[in-house]
Structures are given as structure tokens and as C-alpha cells.
Amino acid sequence: MSQNTVQNTSSTSGETRDEFSKSLNGKKLSRHKLRRSDSLEIESRTFHGHRVYGSKDGVSWSVILQLAFQSIGIVYGDIGTSPLYVYASTFTEGIKHNDDVLGVLSLIFYTLTLIPLIKYVLIVLRANDNGDGGTFALYSLVCRYAKVGLIPSQQSEDLDVSSFQLELPSRRLSRASKLKSKLENSKFAKFFLLFATMLGTSMVIGDGVLTPCISVLSAVGGIKQATTKMTDDMIVWISVVILILLFMVQRFGTDKVGYSFAPIICVWFAMIAGIGLFNFFKYDPAVIKAINPKYIVDYFRRNKDQAWISLGGIVLAITGTEALFADVGHFTVPSIQISMCTVTYPALICAYTGQAAFLRKHNDLVLETFYESIPKPLYWPMFGVAVMASIIASQAMISGTFSIIQQSLSLGCFPRVKIVHTSAKYEGQVYIPEINYLLMLACVGVTLGFRSTTNIGNAYGIAVVFVMTLTSAFLVLIMLMIWKTNILYVIAYVLTIGVVELVYLSSVLYKFDQGGYLPLAFAAVLMTIMYVWNDVYRRRYYYELDNKISPDKLKEVAAETNFSRLPGLAMFYSELVQGIPPIFKHYVENVPALHSVLVFVSIKWLPIGKVPVEERFLFRRVEPKELNVFRCVARYGYADVRNEQEPFERILIEKLKQFIIDDFWLSQAIVSRGVTDEKVQELDEGQNNEDENGSINQENEEKLQQDVDNQIEIIDKASRAGVVHLVGENEVIAGRGANIGKRILIDYAYTFLKRNLRQSEKVFDIPQKRMLKVGMTYEL
9 MSQNTVQNTS STSGETRDEF SKSLNGKKLS RHKLRRSDSL EIESRTFHGH RVYGSKDGVS
69 WSVILQLAFQ SIGIVYGDIG TSPLYVYAST FTEGIKHNDD VLGVLSLIFY TLTLIPLIKY
129 VLIVLRANDN GDGGTFALYS LVCRYAKVGL IPSQQSEDLD VSSFQLELPS RRLSRASKLK
189 SKLENSKFAK FFLLFATMLG TSMVIGDGVL TPCISVLSAV GGIKQATTKM TDDMIVWISV
249 VILILLFMVQ RFGTDKVGYS FAPIICVWFA MIAGIGLFNF FKYDPAVIKA INPKYIVDYF
309 RRNKDQAWIS LGGIVLAITG TEALFADVGH FTVPSIQISM CTVTYPALIC AYTGQAAFLR
369 KHNDLVLETF YESIPKPLYW PMFGVAVMAS IIASQAMISG TFSIIQQSLS LGCFPRVKIV
429 HTSAKYEGQV YIPEINYLLM LACVGVTLGF RSTTNIGNAY GIAVVFVMTL TSAFLVLIML
489 MIWKTNILYV IAYVLTIGVV ELVYLSSVLY KFDQGGYLPL AFAAVLMTIM YVWNDVYRRR
549 YYYELDNKIS PDKLKEVAAE TNFSRLPGLA MFYSELVQGI PPIFKHYVEN VPALHSVLVF
609 VSIKWLPIGK VPVEERFLFR RVEPKELNVF RCVARYGYAD VRNEQEPFER ILIEKLKQFI
669 IDDFWLSQAI VSRGVTDEKV QELDEGQNNE DENGSINQEN EEKLQQDVDN QIEIIDKASR
729 AGVVHLVGEN EVIAGRGANI GKRILIDYAY TFLKRNLRQS EKVFDIPQKR MLKVGMTYEL
């Protein structure tokens, strides 16, 4: 820490003491301050509270409308560019009967209405986790209500975090309680929920690979309609160049070009809607009768199994729908509902209806439906907007992939990678260099390998429907356990939306050998990496939990005659939340010296989106007080920002001094007034006389002030002497007698990942000049 920082810290602490001394008289005891149980050593058993999750209070309609406009450019790029390739991917073998066009249009209409509009906009958006969406948000919502997390790091203090609490309906409590109990008591259920979350995450990342490929390839393919000199090979290579440029500019962040997204997509929606209406009136207004689901039945009767196979092309009409939910954290639920209902949905219906009217008169042009249906004067403007829209669609999924990786990393389900926050204004905009280059290589490989939108579409459909099906499964669980929805509504949801998604899933899986294996291969690789990292992460955590140092053992260590104290403040980092890690014992056995102030710091990621800054740090003193040893848990949500600009060290020291002030005041109050745990409730509710109401006599006040000043001076003096960061670096190996599978998992797979990824000091943003590493080997 620089000298300037130390001086600022010292002056700030002086102001804090002055404010404290002025506020002692008449200060009311708080139940939270009087609670003496050290629950950093225990786990919470219940969740309670009365705060509505997912709400953003105080958002004006003007702000909502602005966010609705911005969401058009971020959220709908993928689903908005689907008209480029849906009909071509559905009628891969041409149109055999003219009424088949009506059947497909009817399927598209009801699919768009049932899944994006009803399922996501009206239902799934309500299942956000304090405003954040996505597969991990659903999983964290379940973990907060039921104790199904595989790492025992829950604390009762976490329930005091305002965004952690849930509002739980009281009706149908019996069914919800039984389901919660079964989940908590079933090890298989816990593993399955984590497995499903990892699978959904992997599929979304696979979607992030395939979206740029199919969108850019489809848009660039329009050049063939303008000139016969353009070959398929040239289109592929042009697409590759665009993809490389797209990934190269990711380092600048979406904030730089974000404001240009919404106008371009708005122009895109206006043009496809206008061209759709033009074709509708010009070619065949009678296609409006496709609103009758009878044409769907007739379509299946005529084509039988081929109609079922063609569902793999129709499902591409709803690609990117998961972005509605995944990106809700950047906006609000009403803003996305408004933009979807007023712009996106009507524009898409007009576009598909106009293309269907065109195809009724031009069955032979089905493979080039989009560009052939454009009026000639609008061809080149439409081509330019289509290319820009496809790039924007790709950008949205790439940014979503970065956010998902960040969530996975925060919850211990992904190896350490560098997270770069590209915007000081928008917290959710992140860039991950390693993932960016891997995505670029994957996209270029897929484009060069498949070379056509048809085969990529087969792969794309599996990724899309898999994620939707998993979302529905989590949603049913939330309906039953958290929302306590009427069972009839749950059954209706499963029999309509659930069945439709399963039918689509069966169709896309049929094309497994025609490119459908690609997202499953991506998912297998990603899930292997996630499983290896998470499994060893859990084993290591349990090892530390079983071998942690007790407070009595710490007293024995400090009481040894050859043990000395050094001037300065030491921060000892570890991932263990409950107690002192075993690596500390290893340290003092080799270096029998302890700094004058020692703080054990653990960074804890709560299964919620964000933790308010004022509720971030949780301190406990390690007895005896003379040791000046503290434990600190710095709590973050998976969407919180931690970067080099955050004054973590300074804030931690300030919060530590504030904790000392509160702790001394509390201890003196208990001694001077005989406050016991039984009186806490009475004191907190104000059932006390004027003397109990906080009036401390002058003698005790002076004594209290002196004690506080002494403790604060110890912290300031230690800070001025220098802050040292001690990082526990543990190597893990398979224990003696471990089987071959465990040895491969720990000694080879995990070790390979750890050695090729970032070390913990990069995650904690620790200054290199004041960092010391303490190594230890764990036999798991």
C-alpha cells in the first residue's frame, strides 16, 4: 500500500472514531449486533425472509422504454435473423405439395407464440434470480431455497444479505416441503441438478459457437443471387474473414458499439416486416388461413415421418430465445416484455407470412427464399443490413458465452480464466481472452468443415432445444417448490409446452449423424472440463474442512515460547469459509512468527446475482483478543464485478476497523449493563427502560472510547508498517491406495488444467510486490 493510501486510511479512521463517539449516547442495540453465535463455524438450515426476488424497484416508465429500445439490439439479434434460413432448412428436399407451405407457416406461428411469447416472456422471466437469468440463475434459485449445493459453505449471516432472501407463498406448503425434503436428502438429486446445469451451460456455449457460423454464412450467401461469379468456396472464405474480424474486436467490449446495435436491428425488423407485408399482399393473402391448426394436422398426414424430421428446421425459428432470459440482468422484465410484444414478435410473424406467400407462387426457390423474395430495388440495402444484423446476432451470443463462463467460474464449476470488464458503465459486459480465441478457432473450424447452413442448422437445433428443455425442467421444479403453483397449471404447462419441446428434441436428435453430433461433442468436452474441476474443487474443500485449525489449537500455537510477532498486517487468503485452513499450521511450523494483525480472508461466491457493497464483508474475531487475529469472508454474487480498480485492500481495512468499533461497543455494553442473550429480543424491540435504552455513564464511555482508540491504533500502526498478502497454494495428489480412475482425475486431468490456467493471485488481484506464497500438498 502506498504512503498516501495509508495516510488517507488513518485520517478516515479518525473521522470514524469521532462519529462513533458522538453516536454512543442513546444508541439502540440491534439484534444482529448482539448475536454472539459464531456461525462461520456452522451451516444454516433454513431460508426465510420477505423480499420479492427479481424486482427492480423505482424504475420509471421512461427508463423502461429506453431499456426496451436497447434490448432490441442486444437480445433479439439471433432470433431476428432466423428468417434468413428457416424455410431453406425445413424444405431441404423441396416443396412437394403447395399446402405444405401453410402447414409449416402454421407450425412457425404457433411455435413462436407458444415458446418465446408465452413460455419465456410471460412465465420464465418471472423465474429470474434477483434480476439475473440463465441456467445458473435457475440453479442458484433452487440452491437458495433447498440445501442442494454440493459444497457446505452456507452461513446464517448470508440470509441477512438483502438480495439473498425469498418471498415464499404460504399456500400448498405441504407439497413444496416434501419436494424440498426429497431433494435435500437425495445425493443423486443434488448431482443431477448440477449435471443438468452444466449440460445447459455447455449447450449455450455451443450455441455461441454455432450462431456466428450460421448467421454470417447465411447473410454472405446472398451475394450468389447478385452475381454468378461468386462460388461456394468464396462465400465460405469471406465468412471466415468476417468471423475472425468479429472475434478480434471483442477486446474492445460491446459498450463501444452498443448504441449502434438497437438502430440497426430496428431497421432490420422494419425491413423484414415491410417486405413481408409487401409479399403477403402481392402473392397470396390467403396464407392468413394458416392460423388454423388444421393445416398442421394435414401437413403431418401428407408427409408422415418427413414432417416430423422437418421440425428440426422449424425449430430454428426460435433460436436465440434463451437470450430473452439470459440477458434479463442487463435490462428489466417489463422492458423485454414490451420490446418482444411490440417489435420482435409482430415483425417475425410478418416476415414468415410474407415468405410463405412468396413460396406459394415460387415452390422452386425455397432454398433461396429470403433473398429471392426481396424486391429488386431493396436487394443491396437489405443485403448490407442482413450482414450487419448477423454480426450483431453473433455478438450477442458471444457476449452471453462470456457471461456464462463468468457465472460458472464464480460457482466453482470452471477453471480459472482472466475476466476483463470492458465497461465501467455496464457491469455485465465482460471479455475472456482465452475463451474468445477458443471460440474463434471453433467457429472457423465449423465453417470450413460444414460449409453450408443446412448441416450447421442440424447441429444448431440440438443446442437450442436442449437448453429449452432443461429450462422447462428447472421451471417445473421452481413452480412446485418455490412458487407453489396450482398443480393443474403445472400439469397444463407440461402437457403443452413440455410436450412440444420434447417432440422438437426428438426431431433434432434424428439428425445426429448429419451434424447434430457437433453440439453434443462440444458439450461433452466442456462438461468433462467442468466436472474435473468441480469434483477436485469439492474434494479439496472437504479436505480443508476436515483438517481446519480449531481456535484452541491457534491459542496453543500463539502461546509457544519461540513464537514471535512481526510489525505489519498480514492477509492470509484461502477458499475455506468455515474456520482457519490447515495450510496456516504448515506455515507457522516452518516460520514461527506472526504479524501484529492477521486477517484470514476467503472470497465466497453466493448463489445469487449480486451482493450489495455495504453487506459484502463479514468479520469474526478469533479469541483471545490479544492475538489480533480476525476472519473475514468477502461475499460476492456471480454477477458482481471484481477488478483491479476495486480498492479491495483499503475497503477491507476500513470495514475491519468498523467491526472493531461495533464489537467493542457491544462487549462493553454487555459487561456494563449485564445484557444476556435472553434480553436481546427485548432490547431490540425497545422493551427497556431509559437506562437500558443506551445511556452509558461517563466513566464507561471514556473507558470504551479508550479501548476503541487503542484497537484502531493497532490496526493503523500495522497498516503503516506494511500489508503482506499470504496466498495458500496447495498441490493436490491422489491419496495412497486410490484407484486408477481417481489418480487419472486428480494427478493428470486436474493437474493439467491447473498448470495451464491462471493462479489464484490473479483471481484475487493481489499486488505482486507484497505477496508471499505458502505451499502445501493435500492427499485427497
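In this note's numbering, the protein residues as written are 9 to 788. C-beta atoms are modelled at their ideal positions from N, C-alpha and C, and glycine is treated no differently.
**OP:** Using only alpha-carbon positions, find the residue among 379, 193, 356, 603 that is nearest to residue 366.
**Re:** 379
Original post:
How is residue 281 classed by DSSP in three states: helix, strand or coil?
Top reply: helix
Original post:
In whole angstroms, what is the alpha-carbon distance linking residue 343 and residue 75?
Top reply: 6 Å
Original post:
Between which two residues does the beta strand (DSSP E) containing residue 489 stretch?
Top reply: Careful: residue 489 lies outside any beta strand (DSSP E) and carries neither H nor E.
Subject >> Contact between the segment 371-388 and the segment 110-120 (3+ Cβ pairs under 8 Å) >> reply: no
Subject >> Cutoff 8 Å; reference residue 556; Cβ partners in own chain excluding five residues on either side >> reply: 584, 586, 587, 588, 589, 590
**OP:** Return the chain-ordered ranges of every beta strand (DSSP E) run that is complete within the segment 513-544 and spans a minimum of 3 residues.
**Re:** none
**OP:** May I ask you to verify whether the segment 541-549 touches the segment 407-424, counting CB pairs closer than 8 Å and requiring at least 3?
**Re:** yes
Subject >> Span separating the alpha-carbon of residue 339 from that of residue 410 >> reply: 17 Å
Original post:
Which term fits residue 514, buried or exposed, when burial requires 16 or more other beta carbons within 10 angstroms of its beta carbon?
Top reply: exposed
**OP:** Spatial neighbours of residue 191 within its chain, please: CB distance less than 6 Å, with the 5 preceding and 5 following residues excluded, ordered by chain position.
**Re:** 154, 156, 197
Original post:
Can you name, in chain order, every residue of its own chain whose Cβ lies under 8 Å from the Cβ of residue 473, other than the five neighbours on each side?
Top reply: 323, 509, 512, 513, 516
**OP:** Could you have a look at residue 746 and say whether DSSP puts it in helix, strand or coil?
**Re:** coil
**OP:** Tell whether a beta-carbon distance below 8 Å holds between residue 326 and residue 123.
**Re:** yes
**OP:** Indicate whether residue 736 and residue 572 have their beta-carbon atoms separated by less than 8 Å.
**Re:** no
**OP:** Please name the residue in 782, 91, 341, 528 whose C-alpha comes closest to that of residue 328.
**Re:** 91
Subject >> Local conformation of residue 342 per DSSP, three classes >> reply: helix
Subject >> Cβ pair residue 210, residue 478 closer than 8 Å >> reply: no
Original post:
DSSP three-state call for residue 424: helix, strand or coil?
Top reply: coil
Original post:
For the alpha helix (DSSP H) that residue 204 lies in, which residues bound it at each end?
Top reply: 195-228
Original post:
Over what stretch of residues does the beta strand (DSSP E) that includes residue 738 continue unbroken?
Top reply: 731-741
Subject >> Start-to-end residues for the beta strand (DSSP E) that takes in residue 611 >> reply: 601-614
Original post:
What are the start and end residues of the alpha helix (DSSP H) that includes residue 242?
Top reply: 240-256
Subject >> Buried versus exposed call for residue 252 [16 or more other C-beta atoms within 10 Å across all chains shown] >> reply: exposed
Subject >> Straight-line gap, residue 648 to residue 610 (C-alpha atoms, nearest Å) >> reply: 16 Å
**OP:** Under the assumption that residue 392 contacts residue 466 (Cβ atoms under 8 Å), give the Cβ distance between them as a whole number of angstroms.
**Re:** Wrong, their Cβ atoms sit about 29 Å apart, outside the cutoff.
Original post:
What residues in its chain sit with their C-beta under 6 Å from that of residue 461, if we drop five residues either side in the sequence?
Top reply: 93, 222, 225, 226
**OP:** Please determine if the segment 97-105 and the segment 301-321 are in contact, where contact requires at least 3 C-beta pairs separated by less than 8 Å.
**Re:** yes
Original post:
Identify the residues that DSSP records as bridge partners of residue 366: which are they?
Top reply: None, per the DSSP bridge assignment.
**OP:** Measure from the alpha carbon of residue 355 to the alpha carbon of each residue in 199, 376, 121, then state which is nearest.
**Re:** 121
Original post:
How many angstroms separate the CA atom of residue 242 from the CA atom of residue 217?
Top reply: 21 Å
**OP:** Answer yes or no: do residue 729 and residue 575 have a C-beta to C-beta separation smaller than 8 Å?
**Re:** yes
Original post:
Is the shortest distance between the beta-carbon of residue 546 and the beta-carbons of chain C less than 8 Å?
Top reply: Note that chain C does not occur in the displayed structure, where there is just one protein chain.
Subject >> Between the CA atoms of residue 301 and residue 193 - distance to the nearest angstrom >> reply: 45 Å
**OP:** Given a cut-off of 8 Å, decide if residue 80 and residue 281 are closer than it, judged by their beta-carbon atoms.
**Re:** no
Original post:
For residue 364, which of 134, 332, 289 has the nearest alpha-carbon?
Top reply: 289
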